[in-house]
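This report concerns only the one structure given below.
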Amino acid sequence: MEKLLKWSIANQSEDNSVRAQAGAPDPELLSQLFGAPDEAALMVQNMQVIVNEEATLENREIAFDNFEMLIENLDNANNIENLKLWPALISQLDSSQEAIRKYACSCIGTALQNNTKSQEDFLKHDGGIKKLIDIAEHDSSEDVQLKALYALSNSIRHDDAAYAAFEKEQGWKLVSPLLAPSVKDKVKLRVLSLLSALISTGVSDEKKQQIRDGDVVNGIVVLVRADGHIGCVDKALNLLAQLVAAGYKFSESEVNSIDDSVKNVSSIRDQLSEEDFQTIKQVTLQ
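So for the sequence shown, the numbering used here puts the first residue at 232; every next one is plus one.
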């Protein structure tokens, strides 16, 4: 309030230089002065609309849009736990409305992105990881699947506890099927990002076994083709390079497949990471 008082006095001055130095008042202080709700209150108000099934779908979508814009701010994302909004948000993953499930996944992913505290808070509430796995694996909407994979990646990246929850809920079972040739490239890209998150905390013996059991390496290698989606090719090469760096021992059949793929993409080598290309090439020379 003292800042607002100084600004008000300066703007009543007849000296133009004094008024110029005063600048503009803090919008947040003005909002508080005139009784506008703060961002925490706005988060609560929007969530009340989101969970109200009697509200129109359009109004619930608008409320979700507003909520997601608010939690793009790190402090607001961390405030989800303080405001006890996680259970309400997670519950929307069960909605019969495709748009609501999509928004719920998106908001969870946004809140957890590069945010250790929110990752920890999310894990305090039962069912979140399991629901995201089920949606990513079974949802009839590709758009909802993509958002679920986005949320899963952000929940697991650099977080051992979240990985443990993912493994406990048998999350690895969704990986290979979503790398199948019939799956669209944009879904494969999300799965490759999920794989990157899964090994972001290292490649333990247990993870190596999961990779072998799911034939994940071959699922990655088949994407490394000159006529493939360049984003998938580059990401797949990077994942293989990460496995090399982590000491993963490729089987003879995997090495042969990698060799074929490296030769195949030589013609587009200038579009790929040279470091990753060389790392993978060394596997075929051993």
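The C-beta atom is built at its ideal place from N, Cα and C for all residues, glycine as well.
Rounded to the nearest angstrom, how far is the Cβ of Val418 from that of Leu409, given a contact under 8 Å? 6 Å
Who are the Cβ neighbours of Gly450 in its own chain at under 6 Å, not counting the five residues just before and after it? Ser407 and Leu410
In terms of residue numbering, what span does the alpha helix (DSSP H) encompassing Asp352 cover? Thr347 to Leu354
When burial is assigned at 16 or more other CB atoms within 10 Å of the CB, is Gly459 buried or exposed? buried
Counting only the same chain and skipping the five closest in sequence on each side, list residues whose C-beta sits under 8 Å from that of Lys438. Leu429 and Ile430
Rounding to the nearest angstrom, what Cα-Cα distance links Arg270 and Glu299 in this structure? In the sequence on display, residue 270 carries Glu and not Arg. Straight-line Cα distance between these residues: approximately 12 Å.
Please classify Thr341: does DSSP put it in a helix, a strand, or coil? helix
Between Gly462 and Leu420, what straight-line distance do the alpha-carbon atoms span, to the nearest angstrom? 7 Å
What's the call for Leu261, buried or exposed, on a 16-neighbour Cβ count within 10 Å? Confidence in Leu261 is poor, its pLDDT being 49 and thus under 50, which makes the residue's placement too unreliable to answer from.
Check whether the Cβ atoms of Ser498 and Ala457 sit closer than 9 Å, and answer yes or no. yes
Can you say whether Gly478 is buried or exposed, counting buried as having 16 or more other CB atoms within 10 angstroms of its CB? exposed
Between which two residues does the alpha helix (DSSP H) containing Gln440 stretch? Asp436 to Asp444
Spatial neighbours of Gln323 within its chain, please: C-beta separation below 8 Å, excluding the five flanking residues on both sides. Ile281, Val282, Ile331, Arg332, Tyr334 and Ala335
Whole-Å CB distance - Thr341 paired with Tyr394, under 8 Å assumed: Contact doesn't hold; Cβ gap of about 20 Å is too wide.
Of all the options Asn385, Lys399, Val453 and Leu454, which has the alpha carbon lying nearest to the alpha carbon of Ser427? Asn385
Should the stretch 341 to 350 be regarded as contacting the stretch 370 to 377, the criterion being three or more beta carbon pairs within less than 8 Å? no
Within 10 angstroms of its Cβ, does Glu483 collect 16 or more other Cβ (buried), or is it exposed? exposed
Taking C-alpha atoms, which residue in Ile321, Ala286, Ala392 and Asp325 lies nearest to His369? Asp325
Give me the Cα-Cα distance between Asp391 and Asp501, rounded to the nearest whole angstrom. 36 Å
What does a CB cutoff of less than 8 Å around Asn304 pick up in its chain, not counting 5 residues either side in sequence? Glu270
Kindly indicate if chain C contains any beta-carbon less than 9 Å away from that of Asn307. The structure shown contains no chain C; it holds only a single protein chain.
Could you tell me the alpha carbon to alpha carbon distance between Glu285 and Leu301, rounded to whole angstroms? 24 Å
Which first and last residues belong to the alpha helix (DSSP H) in which Ser492 is found? Glu483 to Asn495
How would you label Ser327, buried or exposed, when you count the other beta carbons within 10 angstroms and need 16 or more for buried? exposed
Run the CB neighbour count on Ala272, radius 10 Å, all protein chains shown included, and call it buried at 16 or more, exposed below. exposed
Assuming Ala396 and Ile360 are in contact, meaning their beta carbons sit under 8 Å apart, how far apart are those beta carbons, in whole angstroms? 4 Å
Assuming Lys362 is part of the alpha helix (DSSP H), what are its boundary residues? Gly359 to His369
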